[in-house]
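Sequence lines, in order, name chains V and D. All letters in the first sequence, in the order written, are residues 2 to 621 by the numbering used here. All letters in the second sequence, in the order written, are residues 5 to 168 by the numbering used here. For each residue, glycine too, the CB sits at the ideal point set by N, CA and C.
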Amino acid sequence: MKSLAELAAIQDKVKDSIVLPEGSGDVRVVVGMATCGIAAGAKPVYDTLTDGAKDLSNVTVKQTGCIGICQFEPVVEVYEAGKEKVTYVKMTPEKAQRVVEEHLKGGKVVEEYVYNYKPDQTDGGYGTLAKSDFYKAQKRVALRNCGVINPESIEEYIAMDGYKALGKVLTGMSSDDVIKCVMDSGLRGRGGGGFPTGRKWSFTAANKADQKYVVCNADEGDPGAFMDRSVLEGDPHCIVEAMTICGYATGATEGYIYVRAEYPIAVRRLEIAIAQAKELGLLGKNIFGSGFDFDLHIRLGAGAFVCGEETALMTSIEGNRGEPRPRPPYPAVKGLFAKPTTENNVETFANIAQIILKGAEWFASMGTERSKGTKVFALGGKINNTGLVEIPMGTTLREVIDVIGGGIPNGKQFKAAQTGGPSGGCIPAALIDTEIDYDNLTSIGCMMGSGGLIVMDEDTCMVDIAKFFLTFTVDESCGKCAPCRIGTNRMKEILDKITSGTGTQADIEKLEELADHIKQSSLCGLGQTAPNPVLATLRFFRNEYDAHVIDKKCPAGVCKALLTYKIDADKCKGCTLCARNCPVNAISGKVKEAHTIDTDKCIKCGACMAGCKFGAISRG
Amino acid sequence: MLKKISKIPFSGTPEQEEQLRACINESKHDKHLLMTVMQKAQDIYGYLPFEVQKMIAEGMDVPLEKVYGVSTFYAQFALSPKGKYNISVCLGTACYVKGSQQVLDKICEILGIEPGECTMDGKFSIEECRCVGACGLAPVFTVNEDVYGRVKPEEVAGILAKYN
Chain V
2 MKSLAELAAI QDKVKDSIVL PEGSGDVRVV VGMATCGIAA GAKPVYDTLT
52 DGAKDLSNVT VKQTGCIGIC QFEPVVEVYE AGKEKVTYVK MTPEKAQRVV
102 EEHLKGGKVV EEYVYNYKPD QTDGGYGTLA KSDFYKAQKR VALRNCGVIN
152 PESIEEYIAM DGYKALGKVL TGMSSDDVIK CVMDSGLRGR GGGGFPTGRK
202 WSFTAANKAD QKYVVCNADE GDPGAFMDRS VLEGDPHCIV EAMTICGYAT
252 GATEGYIYVR AEYPIAVRRL EIAIAQAKEL GLLGKNIFGS GFDFDLHIRL
302 GAGAFVCGEE TALMTSIEGN RGEPRPRPPY PAVKGLFAKP TTENNVETFA
352 NIAQIILKGA EWFASMGTER SKGTKVFALG GKINNTGLVE IPMGTTLREV
402 IDVIGGGIPN GKQFKAAQTG GPSGGCIPAA LIDTEIDYDN LTSIGCMMGS
452 GGLIVMDEDT CMVDIAKFFL TFTVDESCGK CAPCRIGTNR MKEILDKITS
502 GTGTQADIEK LEELADHIKQ SSLCGLGQTA PNPVLATLRF FRNEYDAHVI
552 DKKCPAGVCK ALLTYKIDAD KCKGCTLCAR NCPVNAISGK VKEAHTIDTD
602 KCIKCGACMA GCKFGAISRG
Chain D
5 MLKKISKIPF SGTPEQEEQL RACINESKHD KHLLMTVMQK AQDIYGYLPF
55 EVQKMIAEGM DVPLEKVYGV STFYAQFALS PKGKYNISVC LGTACYVKGS
105 QQVLDKICEI LGIEPGECTM DGKFSIEECR CVGACGLAPV FTVNEDVYGR
155 VKPEEVAGIL AKYN
């Protein structure tokens, strides 16, 4: 690639295949084929569509990344020139065959299969995804190409203005200009910490060295978070482009992408993207004839959560046990291979090209005063619409849960939202009107985190959740420093005591004291944040802890040791089903007479309650 | 997390060794590629037996203890192979009180291995698991995807015979 003109020529050639020209009669069909789509069976759907459309000259069928509506996979979208796109959900090869016959060949939408189909809708309109509550409040910047382009085609990326930002940077901006632009945009690290990206870049740029590096942290380890995977699977070129821009701005000529081995599709698409970029000269020597060289390597993680910490990640790339290093020296001074290094998370990089192209002001116009732009969340847990959402900073939690998420299933009450995974905290129902941004979340003892947003309802026990996350950190502690290695274990033991009904008030105080020590004295982010789930739940749900230690009850009915199952003698018909279902023969009673449960024998598995046809068994 | 180290004699083929040597030769100029080589070695052998770790250490010219250190740090690296049929016995409360420990003991006795190990012929491996959520069927164990419920120790031999 020698010039912007050359890039523009490629763009002109392929643009019409994505942005279909009006009146052309062209049809573009995309099938969501990220990990989630493929797991739900998108491949045979894709094959049926490709096969069915092979004789139709005006129809192209392409794979694409995550469209965002996880619970409706496999998803197929049909774009027609000058028309609203049509979103087909929960597709099967049989349904796809009907879409081929009736829609692609016959021009008639198969309404029963579309998103949000309501049989009683009489106006003939069908809910398009773009107009739905789930999409309306979203703003797609980092995910702009996910679910739109074919991630394995560099041409399609270029058609959507891809590599134009890199061209603009290399042909007309100084490295200072680039850093200033990123700094002015107000972009902050999307991995969770929220450090201003432009400042990070300026530190590395200021250090002189014979070799510097750019590292992309794609070791997404939070349980329930898949934002980075979706970007890598749906738009891998945007990371390649942004890392090259970062290299130019900071003076680095080599980059590493550290990606989880558990993400094979992301790895494969990154490999394809890097190979394609090299072939077109968008990576390698003398990019855009500017004299700037940049090369990228992929390194696979091997299943260690701590490697998401920046210094541990670098130790791992160097081929060692992924243990963190003390800071300072910071990576900007002495990072990968002891050279100045800039490390950013996938989502941070995914914003860069847009900031360069549309300008710092455009980006800074979105969001709140100190948190600019958008944030991607993986919405999950007890919520109707699970999926990948990107919202402007400052959106309230209420809007995310009630509007985008469509509320809580089965008419249950919202209790709290957990963010930041094992390092984060929770936002209780009382604070549902909190505007989501870095500082607001920090001020309530929570954190933005990388983007996992787990919704919890009245049936979730907050002590149990705290224990769940702590068990995770105990397993994942690398063992290098004592506060984290030993302290988290002791905290977990106390939580075990509390959830098994033997805890005391003094245990809760000990828990708080320990948490404080671990936060103060751990070496890296993993240990420093490990007590957060406990502290946050203690702060907002102290009453639940008290119920566990004082009343020996679990209000949500989760902690088995504190539950008792009871049979209501008035409701029991004596059908004996429960006695037969009980795995430990704890239930006795004569036929057609009320049964009773021997609570000493009962192991609280719930098999009796699940099977009872008369609702006679209660838990308390 | 302590990893179970296999006692099965190493049975690598010359072809596997050739593949491993080729991949070591590709990477030995850069010791930082140790993990990449180990990941490829695990793809070739299915796990990282001591003999393979030694080949890697010598080939890459790094101390064996470093290879061992890396292999035990990351969850992805296995020091014991999984059998063609992986048996997972539920030791959740319901299964335990219904006698899953006896079922597990019987399986171990028949196969002559401990949980976390694999039979010499590579056919069976055993692991313990937490509740699989089928308490009504207790005691439960699974062989790959197949679920067996309400199992009595004396039925184990017959079930395992199906996988011969």
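Handout entry: Any 3 or more C-beta pairs closer than 8 angstroms across the segment 255-273 of chain V and the segment 141-150 of chain V
Key = no
Exercise for the section: Assign residue 620 of chain V to one of three DSSP states: helix, strand, or coil. Expected result: Numbered from 1 along the first sequence, position 619 holds the residue referred to as residue 620 of chain V. Looking at residue 620 of chain V - three-state DSSP - the assignment turns out to be strand.
Practice task
Below 9 angstroms between beta carbons is the criterion; list the residues of the segment 101-119 of chain D that meet it against any residue of chain V, in chain order.
Solution key: Taking 9 angstroms as the Cβ-Cβ cut-off against chain V, the residues of the segment 101-119 of chain D that qualify are 101, 102.
Handout entry: Exposure label - residue 601 of chain V; buried when at least 16 CB within 10 Å
Key = For this step, residue 601 of chain V is matched to residue 600 along the first sequence. Exposed: under 16 other Cβ atoms inside 10 Å.
Problem - Under the three-state DSSP convention, the category residue 333 of chain V falls into - result: One-based indexing of the first sequence puts residue 333 of chain V at position 332. In this structure, residue 333 of chain V counts as coil in the three-state DSSP scheme.
Practice task
Would you mind stating whether residue 135 of chain V and residue 386 of chain V have Cβ atoms separated by less than 7 angstroms?
Solution key: Reading the first sequence from its first residue, position 134 is the one you call residue 135 of chain V. Reading the first sequence from its first residue, position 385 is the one you call residue 386 of chain V. Contact: yes.
Practice task
Taking residue 249 of chain V as the reference, give the member of V/284, V/274, V/280 with the closest Cα.
Solution key: Taking the first residue of the first sequence as 1, we reach residue 249 of chain V at position 248. Looking at the Cα atoms, V/284 is the closest of the given residues.
Exercise for the section: Measuring alpha carbon to alpha carbon, tell me which of V/331, V/307, V/329 ends up nearest residue 321 of chain V. Expected result: On the first sequence, position 320 is the one that residue 321 of chain V refers to. For residue 321 of chain V, the closest C-alpha among the options V/331, V/307, V/329 is that of V/307.
Problem - Three-way DSSP call (helix, strand, coil) for residue 457 of chain V in this model - result: Counted from its first residue, the first sequence places residue 457 of chain V at position 456. DSSP places residue 457 of chain V in strand when its eight states are reduced to three.
Practice task
Taking all protein chains shown into account, decide if residue 565 of chain V is buried (16 or more other Cβ within 10 angstroms of its Cβ) or exposed.
Solution key: For the purposes of this step, residue 565 of chain V is taken as residue 564 along the first sequence, with counting starting at 1. Result: exposed.
Exercise for the section: Could you tell me which uninterrupted alpha helix (DSSP H) segments, each at least 4 residues in length, are contained entirely in the segment 427-490 of chain V, listed from first to last along the chain? Expected result: If one requires a minimum length of 4 residues, the alpha helix (DSSP H) runs lying completely within the segment 427-490 of chain V are 439-444, 463-477, in chain order.
Handout entry: Per-residue burial, residue 373 of chain V [other beta carbons within 10 Å of its own, 16 or more giving buried]
Key = Translated into positions along the first sequence, residue 373 of chain V becomes position 372. Residue 373 of chain V is buried by the Cβ-count criterion.
Problem - is_contact[residue 1 of chain D, chain V] using C-beta, thresh 7 angstroms - result: With chain D running from 5 to 168 in the structure shown, residue 1 of chain D is simply not present.
Problem - Closer than 7 angstroms to chain D by CB, residue 322 of chain V - result: Position 321 of the first sequence holds residue 322 of chain V. So, interface residue.
Practice task
Taking 8 angstroms as the threshold, find out whether the segment 54-73 of chain V comes into contact with the segment 27-36 of chain V through three or more Cβ pairs.
Solution key: Yes: at least three Cβ pairs fall under 8 angstroms.
Practice task
Measure from the C-beta of residue 488 of chain V to each C-beta in chain D and report whether the shortest distance is under 7 angstroms.
Solution key: Start at 1 with the first residue of the first sequence, and residue 488 of chain V comes out as number 487. No, its Cβ sits nowhere closer than 7 angstroms to a Cβ of chain D.
Exercise for the section: State the start and end residues of the unbroken alpha helix (DSSP H) segment that holds residue 295 of chain V. Expected result: By one-based count along the first sequence, residue 295 of chain V stands at place 294. Secondary structure note for residue 295 of chain V: it is in no alpha helix (DSSP H), and the uninterrupted beta strand (DSSP E) holding it is 293-301.
Practice task
Could you check the C-alpha separation between residue 318 of chain V and residue 479 of chain V for me, to the nearest Å?
Solution key: Numbered from its first residue, the first sequence carries residue 318 of chain V at position 317. Numbered from its first residue, the first sequence carries residue 479 of chain V at position 478. Each residue's alpha carbon lies about 16 angstroms from the other.
Problem - Within chain D, the residues that residue 319 of chain V reaches when beta carbons sit closer than 8 angstroms - result: Along the first sequence, read from residue 1 onward, the residue named residue 319 of chain V stands at position 318. What residue 319 of chain V touches in chain D: 36.
Problem - Where residue 43 of chain D meets chain V, residues with beta-carbon distance less than 9 angstroms - result: Residue numbering aside, residue 43 of chain D sits at position 39 when the second sequence is read from its first letter. Within 9 angstroms Cβ-Cβ: 262, 301, 303.
Problem - Endpoints, alpha helix (DSSP H) assigned at residue 7 of chain V - result: If you number the first sequence from 1, residue 7 of chain V lands on position 6. That run of the alpha helix (DSSP H) goes 5-19.
Practice task
For the alpha helix (DSSP H) holding residue 164 of chain V, just list the boundary residues, first then last.
Solution key: Working through the first sequence from its first residue, we reach residue 164 of chain V at position 163. Per DSSP, residue 164 of chain V belongs to no alpha helix (DSSP H) and is neither H nor E.
Handout entry: residue 197 of chain V - partner residues in DSSP beta bridges
Key = In the first sequence, counting from the first residue as 1, residue 197 of chain V sits at position 196. According to the DSSP secondary-structure assignment, residue 197 of chain V is paired through a beta bridge with V/189.
Problem - CA-to-CA distance, residue 157 of chain V to residue 46 of chain D, given in whole angstroms - result: Numbered from its first residue, the second sequence carries residue 46 of chain D at position 42. Numbered from its first residue, the first sequence carries residue 157 of chain V at position 156. Taking the straight line from one Cα to the other gives about 36 angstroms.
Handout entry: chain D contacts from the segment 598-610 of chain V (Cβ-Cβ distance under 7 angstroms)
Key = Correct list: 604, 606, 608.
Exercise for the section: May I ask which residues mark the beginning and end of the alpha helix (DSSP H) holding residue 171 of chain D? Expected result: Any question about residue 171 of chain D goes unanswered here, given that chain D covers just 5 to 168.
Exercise for the section: Tell me whether residue 573 of chain V sits in a helix, a strand or coil according to DSSP, three-state version. Expected result: For the purposes of this step, residue 573 of chain V is taken as the residue at position 572 of the first sequence. Coil.
Problem - Buried/exposed call for residue 591 of chain V, threshold 16 Cβ in 10 Å - result: Within the first sequence, numbered from 1, the residue matching residue 591 of chain V stands at position 590. Burial call: exposed.
Problem - Delimiting residues of the beta strand (DSSP E) encompassing residue 31 of chain V - result: Taking the first residue of the first sequence as position 1, residue 31 of chain V is located at position 30. Run containing residue 31 of chain V: 28-33, per the beta strand (DSSP E) assignment.
Problem - Whole alpha helix (DSSP H) elements within the segment 42-114 of chain V, 4-residue minimum - result: 43-53, 94-99
Practice task
Could you tell me whether any Cβ in chain D is nearer than 7 angstroms to the Cβ of residue 584 of chain V?
Solution key: As a position in the first sequence, residue 584 of chain V is number 583, starting the count at 1. With 7 angstroms as the cut-off, residue 584 of chain V counts as an interface residue toward chain D.
Problem - DSSP state of residue 237 of chain V mapped onto helix, strand, coil - result: Walking along the first sequence from the start, residue 237 of chain V turns up at place 236. The answer is helix: DSSP assigns residue 237 of chain V an H, G or I state.
Problem - Reference residue 102 of chain D, options D/168, D/9, D/155, closest by Cα - result: Locating residue 102 of chain D in the second sequence gives position 98, counting from the first residue. Looking at the Cα atoms, D/155 is the closest of the given residues.
Exercise for the section: Using DSSP bridges, identify the partner residues of residue 53 of chain D. Expected result: For the purposes of this step, residue 53 of chain D is taken as the residue at position 49 of the second sequence. Looking at the DSSP assignment, residue 53 of chain D forms no beta bridge with any residue, so it has no partner.
Exercise for the section: Would you kindly work out how many angstroms separate the C-alpha atoms of residue 159 of chain D and residue 130 of chain D, rounded to a whole number? Expected result: Residue 159 of chain D sits at position 155 when you count from the first residue of the second sequence. Residue 130 of chain D sits at position 126 when you count from the first residue of the second sequence. Approximately 17 angstroms between the Cα atoms of the pair.
Exercise for the section: Tell me residue 376 of chain V's beta-bridge partners as DSSP assigns them. Expected result: The residue given as residue 376 of chain V occupies position 375 in the first sequence. Under DSSP, the beta-bridge partners assigned to residue 376 of chain V are V/392.
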